[in-house]
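Mapping of the sequence shown onto numbering that gives the first Met the number 0: position 227 corresponds to residue 226, and the numbering continues sequentially without gaps.
C-beta atoms are modelled at their ideal positions from N, C-alpha and C, and glycine is treated no differently.
Model, not experiment: these values are computed from the prediction.
Below you'll find the structure, written out as structure tokens, and then a few comments.
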Amino acid sequence: MKKKDDFKVKFWGVRGSYPVVNKNFLKYGGNTSCVEVIAGNHRIILDAGTGIIPLGDKIFKEHISSSDTMADREPVDVTLLLSHVHQDHIQGLNFFKPANILTTQLALYGFSGNNQTLDKTLAELVYGKSFPMTIYDITADYNINDISESEIIIINPKSHKRSVKRISDIKNSDINDDEIVISMLKSNSHPNFGVLFFKIQYKNKSLVYATDTECYYGGSRKLELFAKDVDLLIHDSQYTTEDYLSNASPKQGFGHSTFEMALNSASASCAKKLALFHFDPSYNDEKLTFIENYLISKNPNCFLAKEGMEICI
């Protein structure tokens with residue numbers, strides 16, 4: 000049973016680029032980006048890679064089992080945050096079962112970055128020509144919102160009421176300690192329009208989700224300040240340094256970090272814990288276990304995210 004002060008994180012997809020189905024990828028998992036956050040009584044989902052499919056199945060089953068009578072079932076209320084619209088962060092969206100429940104409230108926030116609104120972009124990329132239904136066939140109350148780093152999202156976890164306000168208009172008295180506060184930071188280090196990093200704050204605890212970022216020499220000062228003293232930093236860690244600098248197939252400029260870059264970001268920001276995330280789909284369990292053991296020897300407060308892993312902040 001959820002407690003009103005709960006602040007939990009569960010990983011449902013930790014891969015980058017494309018999903019992997021292979022017996023040698025079971026320990027860390029093969030689904031693409033999706034992280035579930037429970038703050039109080041409210042569910043927030045970070046990105047909609049293939050990991051959102053099993054998460055949606057779980058939510059759907061909970062809804063069905065809440066009552067034998069359809070009218071008495073507990074409604075689903077979800078805030079979904081999209082870092083960007085590259086395929087590995089949206090490819091599970093049209094298989095999210097709660098979107099087919101009439102009483103579902105699904106509020107999606109993000110940006111498209113290509114001079115059109117997010118709802119139009121998703122209608123074309125996720126539905127439209129690539130799927131046998133349109134975005135307008137969705138049964139749920141589906142609200143798609145463009146958001147920017149000049150705004151914050153405030154959520155009451157009891158009523159699930161959301162409001163978006165400009166940072167310049169906010170006073171400390173406007174935010175209650177019992178409310179969830181979500182802020183954004185735009186990064187241009189990822190090709191094709193960049194990404195949004197998200198910070199979620201609740202009950203004096205905080206996490207930052209920084210996927211698809213490339214920290215060049217000297218690190219990212221903006222990210223370090225954004226993630227200053229957070230309880231958990233979830234950071235892109237797609238490549239080993241060897242692959243990143245490979246003579247045969249270099250990855251520099253692809254918009255992704257090495258494991259060492261993530262460690263440096265965590266150290267510079269004084270993050271209490273670091274979750275390494277968004278692994279290259281060619282890295283199997285044996286390789287990732289070797290990498291994890293090495294990294295923990297350098298920073299005991301870091302770990303490689305695994306599908307199904309749940310932690311309390």
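Query: Assigned exposure category for Met0 - 16 Cβ within 10 Å defines buried; Result: Any reading at Met0 must be qualified, since the residue scores a pLDDT of 39, below 50, and its modelled position is unreliable; no value is offered.
Query: Buried or exposed (CB count within 10 angstroms, at least 16 for buried), Ser167; Result: exposed
Query: Residues sharing a beta bridge with Asn142, DSSP; Result: Ala106
Query: Buried versus exposed call for Gln251 [16 or more other C-beta atoms within 10 Å across all chains shown]; Result: exposed
Query: Segment contact flag, the region 117-132 with the region 11-18, C-beta cutoff 8 Å, min 3 pairs; Result: no
Query: Nearest-angstrom beta carbon gap, Ile89 and Ala139 [assumed within contact, 8 Å]; Result: Not quite, the Cβ-Cβ distance comes to about 17 Å (not below 8 Å), so this is no contact.
Query: Exposure of Asn203, with buried meaning 16 or more beta-carbon neighbours within 10 Å; Result: exposed
Query: Close-in-space but distant-in-sequence residues of the same chain around His83 (CB under 6 Å, 5 per side omitted); Result: Val194
Query: Sequence-distant residues of the same chain with beta carbon closer than 6 Å to Asp200, five excluded per side; Result: A small fix is needed here, since residue 200 is Gln in this sequence, not Asp. So the list reads Val180, once near-sequence residues are dropped.
Query: Boundaries of the alpha helix (DSSP H) in which Leu222 is found, first to last residue; Result: Arg220 to Phe225
Query: Three-way DSSP call (helix, strand, coil) for Glu178 in this model; Result: coil
Query: Sheet register partners of Glu35 (DSSP bridge); Result: Lys9 and Ile44
Query: Among Pro74, Leu92, Lys60 and Asn292, nearest to Gly48 - alpha-carbon criterion; Result: Leu92
Query: Beta-carbon proximity of Lys198 to Tyr208, cut-off 9 Å; Result: yes
Query: Phe258 - containing alpha helix (DSSP H), residue span; Result: Phe258 to Ser268
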